[in-house]
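Colleague: If you count the sequence shown from 1, position 46 lands on 441 in the numbering used here, and the numbers rise without skipping.
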Amino acid sequence: MTRQTEPSAGQHMSAEVASQPKIFADLVARRGEIAEIAAQVSARRPRFALLAARGSSDHAALYAKYLIEVLLQLPAGLVSPSTTTLYGAQPDLTDVLMISVSQSGGSPDLLEVTESARARGALTVAVTNTPDSPLNNAAELSVDVGAGPELAVAATKTYSATLLALYLLIDAVRGGTAEHAASLGELAQQTLDESASAVQEAVQRFRFVDRVLTTGRGYSSATAAEAALKLAETSYLSARSYSGADLLHGPVAAVDAETGVLAITSAGKGGTAMSEVLDVIHSRGADVFAVGSAASRVSAALRIPVAETAEEVAPILEVLPIQRLALGLSLARGGDPDSPRGLNKVTKTR
């Protein structure tokens, strides 16, 4: 029988999820200072981009990788910090842009990677929620996410604000005006309001599921990865994330009527590419929950709506109902998402 949670359980995570519309509006209002950083990046004309991150920030970095490759037409890759910290690799990074993403800016491995990259010729940019962090001091340039202190262990507002900060930076590097981000504060509130009932239904249907698969394509691959992490760390579910393209290459064999599938399907090329994938998954009897602005257009048992935007900013909104789902599931299963067992707010690795 599910044990009862304390009345205060999840209060920090709940408040932080609800605070995101204002954080988005405030961050967009600070676009000018981010554009100044972007101008310095543009002036250096990088030939390649690398991104260093851990945990939720790694998913934000995956989103940035898509932005860089699509919007800037630059090759981009995710760094394996251990190649530097454990194996001592010292590649030539002349004319390379290195973006280090960390909510706390306190991870020793990211600090070492950033210091090493700068010494080897990279233009280093720290994107953090802690302006006076060691990582900010190590990097040549820095962008303040501006989400304010986050008390819940599970990252919510810092994750989404990091996505938006990365978008504003990369959009400005290409010479954009952030037009697609201008109304994200209002759209975030709309998404939270309009998805609430569907999220509650999803909580009840996922409450006793032990195995969850999350999937998406394109920009939404980052949201699928973050969804799996949130469900695992708050509700202790066995959650795995796969690209929709990879799912049909083998993992689909493990999908059956006992599998919960969370599919990210927003309007755009990535969401369109998910239609065939979800037809296959749905035919295997899996309980498919579609989240996104194109959720009504795919095979699913339940659809969680998200306000429609340009595809390149969709992940900033897609993750909001997923955070609410993780919160609700944790509470329904007797947990406290503010303090998941065995986890700390800052994880220090090397």
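Glycine included, C-beta positions come from ideal geometry on N, C-alpha and C.
Beta carbon of residue 638, beta carbon of residue 609: below 8 Å?
Modeller: If you number the sequence shown from 1, residue 638 lands on position 243. If you number the sequence shown from 1, residue 609 lands on position 214. For residue 638 and residue 609, no; Cβs fall outside 8 Å.
Colleague: Less than 8 Å between the CB atoms is what I'm expecting for residue 445 and residue 472, so what's the real figure, rounded?
Modeller: Numbered from 1 along the sequence shown, position 50 holds the residue referred to as residue 445. Numbered from 1 along the sequence shown, position 77 holds the residue referred to as residue 472. Confirmed, Cβ separation roughly 6 Å.
Colleague: Would you please state the rounded distance, in angstroms, between the beta carbons of residue 485 and residue 449? I believe it to be under 8 Å.
Modeller: Stepping through the sequence shown from its first residue, residue 485 is reached at position 90. Stepping through the sequence shown from its first residue, residue 449 is reached at position 54. Not really, about 21 Å apart at Cβ, beyond 8 Å.
Colleague: What are the start and end residues of the beta strand (DSSP E) that includes residue 609?
Modeller: Your numbering for residue 609 matches position 214 in the sequence shown. 606 to 611 is the extent of the beta strand (DSSP E) around residue 609.
Colleague: Taking its Cβ as the centre, do 16 or more other Cβ atoms sit within 10 Å of residue 430, making it buried, or is it exposed?
Modeller: As a position in the sequence shown, residue 430 is number 35, starting the count at 1. So residue 430 counts as buried.
Colleague: Between residue 382 and the rest of its own chain, which residues show a CB-CB distance below 7 Å, the 5 nearest in sequence each way excluded?
Modeller: Nothing can be reported for residue 382: it is not among the residues displayed for the chain, which extend from 396 to 745.
Colleague: For residue 598 versus residue 557, is the C-beta distance shorter than 8 Å?
Modeller: Sequence index remark: in the sequence shown, residue 598 carries index 203 (1-based). Sequence index remark: in the sequence shown, residue 557 carries index 162 (1-based). With a cutoff of 8 Å on beta-carbon distance, residue 598 and residue 557 are scored as not near each other.
Colleague: How many Å lie between residue 409 and residue 550 at the Cα?
Modeller: Position 14 of the sequence shown, counted from the start, is the residue given in the question as residue 409. Position 155 of the sequence shown, counted from the start, is the residue given in the question as residue 550. Looking at the two C-alpha atoms, the distance is approximately 11 Å.
Colleague: Going by C-alpha distance, which of 540, 510 and 591 is nearest residue 423?
Modeller: Looking up residue 423 in the sequence shown gives position 28. The option with the nearest alpha carbon to residue 423 is 540.
Colleague: State the Cα-Cα distance for the pair residue 396 and residue 581, rounded to the nearest angstrom.
Modeller: In the sequence shown, counting from the first residue as 1, residue 396 sits at position 1. In the sequence shown, counting from the first residue as 1, residue 581 sits at position 186. Low local confidence applies: a pLDDT of 40 at residue 396 is under 50, so the model's placement there is unreliable, with the coordinate-based value given in what follows. Cα-Cα distance, rounded: 40 Å.
Colleague: Which runs of the alpha helix (DSSP H), 4 residues or longer, sit entirely within the segment 416 to 496?
Modeller: 426 to 439, 451 to 466 and 477 to 480
Colleague: Along the alpha helix (DSSP H) that carries residue 716, what are the first and last residues, could you check?
Modeller: Numbered from its first residue, the sequence shown carries residue 716 at position 321. Where residue 716 is concerned, the enclosing alpha helix (DSSP H) stretches over 709 to 727.
Colleague: Should residue 681 go down as buried or exposed, given a rule of 16 or more other Cβ atoms within 10 Å for buried?
Modeller: Stepping through the sequence shown from its first residue, residue 681 is reached at position 286. Buried, by the Cβ-count rule.
Colleague: Locate the alpha helix (DSSP H) running through residue 637, then write down its first and last residues.
Modeller: Reading the sequence shown from its first residue, position 242 is the one you call residue 637. Segment 633 to 638 is the beta strand (DSSP E) holding residue 637; no alpha helix (DSSP H) there.
Colleague: Let me confirm a value: residue 419 is counted as buried when at least 16 other C-beta atoms fall within 10 Å, else exposed. Which label applies?
Modeller: The residue labelled residue 419 in the question sits at position 24 within the sequence shown. Per the 10 Å Cβ criterion, buried.
Colleague: Between which two residues does the alpha helix (DSSP H) containing residue 601 stretch?
Modeller: Mapped onto the sequence shown, residue 601 falls at position 206. Run containing residue 601: 579 to 601, per the alpha helix (DSSP H) assignment.
Colleague: Distance, Cα to Cα, residue 411 vs residue 517?
Modeller: Taking the first residue of the sequence shown as position 1, residue 411 is located at position 16. Taking the first residue of the sequence shown as position 1, residue 517 is located at position 122. Their Cα atoms are separated by approximately 35 Å.
Colleague: Could you give the DSSP three-state label for residue 650: helix, strand or coil?
Modeller: The residue labelled residue 650 in the question sits at position 255 within the sequence shown. The answer is coil: DSSP assigns residue 650 none of H, G, I, E or B.
Colleague: Tell me whether the beta-carbon of residue 714 lies closer than 8 Å to the beta-carbon of residue 589.
Modeller: To locate residue 714, count along the sequence shown from 1; it is residue 319. To locate residue 589, count along the sequence shown from 1; it is residue 194. No, these two residues do not count as a Cβ contact at 8 Å.
Colleague: Determine the closest residue to residue 664 out of 461, 441, 489 and 594, with distance taken between C-alpha atoms.
Modeller: Here residue 664 is taken as the residue at index 269 of the sequence shown, counted from 1. The option with the nearest alpha carbon to residue 664 is 461.
Colleague: In this structure, does DSSP put residue 733 in helix, strand or coil?
Modeller: Sequence index remark: in the sequence shown, residue 733 carries index 338 (1-based). The answer is coil: DSSP assigns residue 733 none of H, G, I, E or B.
Colleague: Between which two residues does the alpha helix (DSSP H) containing residue 412 stretch?
Modeller: Residue 412 sits at position 17 when you count from the first residue of the sequence shown. Looking at the DSSP string, the run of the alpha helix (DSSP H) that includes residue 412 is 406 to 413.
Colleague: Answer with buried or exposed for residue 415, where buried requires no fewer than 16 other C-beta atoms within 10 angstroms of its C-beta.
Modeller: As a working note, residue 415 is residue 20 in the sequence shown. Buried.
Colleague: By DSSP, does residue 630 sit in helix, in strand, or in coil?
Modeller: Mapped onto the sequence shown, residue 630 falls at position 235. Three-state DSSP puts residue 630 in a helix.
Colleague: Tell me where the beta strand (DSSP E) around residue 700 begins and ends.
Modeller: The residue you call residue 700 lines up with position 305 of the sequence shown. Residue 700 -> beta strand (DSSP E) spans 697 to 700.
Colleague: Does the beta-carbon of residue 435 have 16 or more other beta-carbons within 10 angstroms, so that it is buried, or is it exposed?
Modeller: Reading the sequence shown from its first residue, position 40 is the one you call residue 435. By the 10 Å Cβ count, residue 435 comes out exposed.
Colleague: Please classify residue 729 as buried or exposed, where buried requires at least 16 other C-beta atoms within 10 Å of its C-beta.
Modeller: For the purposes of this step, residue 729 is taken as the residue at position 334 of the sequence shown. Answer is exposed; the Cβ neighbour count stays below 16.
Colleague: How long is the line joining the alpha carbons of residue 628 and residue 634, rounded to whole angstroms?
Modeller: Translated into positions along the sequence shown, residue 628 becomes position 233. Translated into positions along the sequence shown, residue 634 becomes position 239. About 10 Å.
Colleague: Hey, could you find the ends of the alpha helix (DSSP H) residue 539 is sitting in?
Modeller: Locating residue 539 in the sequence shown gives position 144, where the first residue counts as 1. Counting along the chain, residue 539 falls outside any alpha helix (DSSP H), though it belongs to the beta strand (DSSP E) covering 536 to 539.
Colleague: Nearest by alpha-carbon distance to residue 503: which of 528, 487 and 613 is it?
Modeller: Looking up residue 503 in the sequence shown gives position 108. Ranking the options by Cα distance to residue 503, first place goes to 528.
Colleague: By a C-beta neighbour count over all protein chains shown, 10 Å radius and 16 as the cutoff for buried, is residue 731 buried or exposed?
Modeller: For the purposes of this step, residue 731 is taken as residue 336 along the sequence shown, with counting starting at 1. By the 10 Å Cβ count, residue 731 comes out buried.
Colleague: Going by Cα to Cα distance, which pick from 572, 498 and 601 is closest to residue 523?
Modeller: On the sequence shown, residue 523 is found 128 positions in, with the first residue counted as 1. Closest option to residue 523, Cα to Cα, is 498.
Colleague: Find the nearest neighbour of residue 613 within the set 735, 521, 706 and 717, judged by alpha-carbon distance.
Modeller: The residue given as residue 613 occupies position 218 in the sequence shown. Nearest option by C-alpha distance: 706.
Colleague: Taking all protein chains shown into account, decide if residue 601 is buried (16 or more other Cβ within 10 angstroms of its Cβ) or exposed.
Modeller: Counting from 1 along the sequence shown, the entry for residue 601 is found at position 206. Label assigned to residue 601: buried.
Colleague: Relative to the C-alpha of residue 700, which candidate in 676, 659 and 670 has its C-alpha closest?
Modeller: Translated into the one-based positions of the sequence shown, residue 700 becomes position 305. Comparing Cα-Cα distances from residue 700 to each of 676, 659 and 670, the minimum goes to 659.
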